[in-house]
Every structure is written in C-alpha cells, then in structure tokens.
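Novice: Per the numbering used here, the sequence shown starts with residue 1, numbered consecutively.
The structure's right below; bear with me while I get my questions together.
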Amino acid sequence: MTNNVVNGVNVDQLVQTVNLIKDKPDIAKFTFRAKNEWINGGHSKTTIGGFYGAGQEDSSRKEPFVLEGDEPSILLGENHGPNAVEAVLYALASCLAVGFVYNATAKGIKVESLEFNLEGDLDLHGFLGLSETIRPGYQNIKVNYKVKADASREKLEELCEYVQKTSPVLDIIKNPVSVSINLQ
C-alpha cells in the first residue's frame, strides 16, 4: 500500500488525526515541557524531551533535543547560541511553516518552496530597567514570506490568513498567556 504523501505529509494520517480529534476532543490536549540549566554568563541550555499528548505520555523521542542559548558579544555573551528573543522568531517561523504546509496539504496544494524572513524590533531600555514605559519585549515583528506552489496568489493569501488564525505561536505572541513562576 502506497502512502498518500503531499509536501512530505501523510494525507491519510492527517485526515485520520483530524477525524479522531473530532470524535474524541480530549485527545487534543497536550502538555509540552522544557528544562533549562544556566551554564555561565548569558549561556544556558534547554533540554526538551517527552511530552503528554493524545491521552498519554509520549516516548517516541529516542534522545532529547538540546538547544543552546546565549547572547551576542555586544550583549556580553559568547555566541554559544541564539538569544531568547531570536528563539522566539525561530519558534514563530517554524510554527507558521508547519501550519502553512499542513494546511496546504489538506487543501491539495503542492508547495515547491516556502521561505519566511522575520525581523523583531526591541528597545533595551525596557530589559535593562531604564524605562517604565518601554516594554522589555518586541515592539513589533515583521514577517515576510515567499511561496512557490500550484495555487493562485489569492488562494495562497487565503491560506496564509487561515494559518495566522490557527498558529499556536502567533497566538502566544499576540495574546496574553497566564504564566506562573515559582521559586522551589
């Protein structure tokens, strides 16, 4: 039996997953985890391994992912990895890309190439505590994308609009999220 694969996505499995979630809404609840350890200066590492999803603990990952974080030298770091706000751009780009490709696949659109270019503007006055009025995070993020696919520009723009409505990371960035921080 040959799998129905479009854009590297198994279409049959995608449809089965969506239908299963429609039938059993509780399996749509996931809990992702990350553990961060400081190394030195601005350098830390984050380990991402198991997670809870589809009603059970997932153990499909043979090894955890380890992501290095640091600051550029101009911000007193040693460039062991991207800084946290750069990682936010990575997370947004990755989320938009998977959303675009999965939804294109569901609509029967074959994507030949897809590229996102992101820029985030940040003013250090907030981060450094030098201003009460300037937020410490991004003031704005610009996303430009290029796509080559077998669909009209209008269809691709509609797809991009839909992806923006359903992107978890874009939602996290645009809307407040309850965060609790506790010293153990």
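Backbone N, C-alpha and C define an ideal beta-carbon position, used for all residues, glycine too.
1) What distance in whole Å lies between the Cβ atoms of V143 and F116, which are believed to be in contact at a cut-off of 8 Å?
2) Please look up how many angstroms separate the CB atoms of K35 and T47, rounded, as I've assumed it's under 8 Å.
3) For the ligand ADP, I want to know if P136 counts as a neighbour, meaning its beta carbon is within less than 7 Å of at least one of the ligand's heavy atoms.
4) Along the beta strand (DSSP E) that carries F127, what are the first and last residues, could you check?
5) R153 to V169, Cα distance in whole Å?
6) Tell me the DSSP secondary structure of S44 in three-state form.
7) Three-state secondary structure (DSSP) at E112?
8) Tell me the start and end of each unbroken beta strand (DSSP E) in the stretch 32-98 that is at least 3 residues and wholly inside, in chain order.
9) Quick check: the Cα distance between Y239 and D150, rounded to an integer number of angstroms?
10) Which same chain residues, not among the five before or five after T31, have their C-beta less than 8 Å away from its C-beta?
11) Going straight from the alpha carbon of N4 to that of L114, what length do you get?
12) Using the three-state DSSP reduction, which class does N144 fall into: helix, strand or coil?
13) Once DSSP output is grouped into helix, strand and coil, what is the label at D150?
14) So, does the stretch 80-94 touch the stretch 117-129, judging by three or more C-beta pairs under 8 Å?
15) Round the Cβ separation of N7 and K110 to the nearest angstrom and send it over; I've been treating them as touching at under 8 Å.
16) Around the Cβ of G69, are there at least 16 other Cβ atoms within 10 angstroms (buried) or fewer (exposed)?
17) Taking all protein chains shown into account, decide if S60 is buried (16 or more other Cβ within 10 angstroms of its Cβ) or exposed.
Specialist: Checking against the coordinates, here is how it stands:
1) Locating residue 116 in the sequence shown gives position 116, counting from the first residue. Locating residue 143 in the sequence shown gives position 143, counting from the first residue. Sure, about 6 Å apart at Cβ, within 8 Å.
2) If you number the sequence shown from 1, residue 35 lands on position 35. If you number the sequence shown from 1, residue 47 lands on position 47. Yes, K35 and T47 are in contact; Cβ-Cβ is about 5 Å, under 8 Å.
3) This structure lacks the ligand ADP, and indeed carries no ligand of any kind.
4) Your numbering for residue 127 matches position 127 in the sequence shown. Taken as a continuous stretch (DSSP letters only), F127 belongs to no beta strand (DSSP E), being part of the alpha helix (DSSP H) at L124 to F127.
5) Against the sequence shown, residue 153 aligns to sequence position 153. Against the sequence shown, residue 169 aligns to sequence position 169. In a straight line, the C-alpha of R153 is about 25 Å away from that of V169.
6) Walking along the sequence shown from the start, residue 44 turns up at place 44. Here S44 sits in strand by DSSP.
7) Working through the sequence shown from its first residue, we reach residue 112 at position 112. Reduced to three states, the DSSP call for E112 is strand.
8) As far as the stretch 32-98 is concerned, its whole beta strand (DSSP E) runs of at least 3 residues are 35-40, 43-48, 51-53, 56-58 and 65-69.
9) Only positions 1 to 184 of the chain appear in the structure, and residue 239 is not among them; the question remains open.
10) Mapped onto the sequence shown, residue 31 falls at position 31. Non-local beta-carbon contacts of T31 in its own chain, meaning distances under 8 Å to residues more than five positions away in sequence, involve F51, Y52 and G53 in chain order.
11) As a working note, residue 4 is residue 4 in the sequence shown. As a working note, residue 114 is residue 114 in the sequence shown. N4 and L114: Cα-Cα distance of roughly 21 Å.
12) Residue mapping note: residue 144 aligns to position 144 of the sequence shown, counting from 1. Note: N144 maps to strand in three-state DSSP.
13) On the sequence shown, residue 150 is found 150 positions in, with the first residue counted as 1. D150 falls in the coil class under three-state DSSP.
14) yes
15) The residue you call residue 7 lines up with position 7 of the sequence shown. The residue you call residue 110 lines up with position 110 of the sequence shown. Indeed, because the Cβ distance is near 6 Å, the residues count as touching under 8 Å.
16) On the sequence shown, residue 69 is found 69 positions in, with the first residue counted as 1. G69 is buried by the Cβ-count criterion.
17) On the sequence shown, residue 60 is found 60 positions in, with the first residue counted as 1. Exposed, by the Cβ-count rule.
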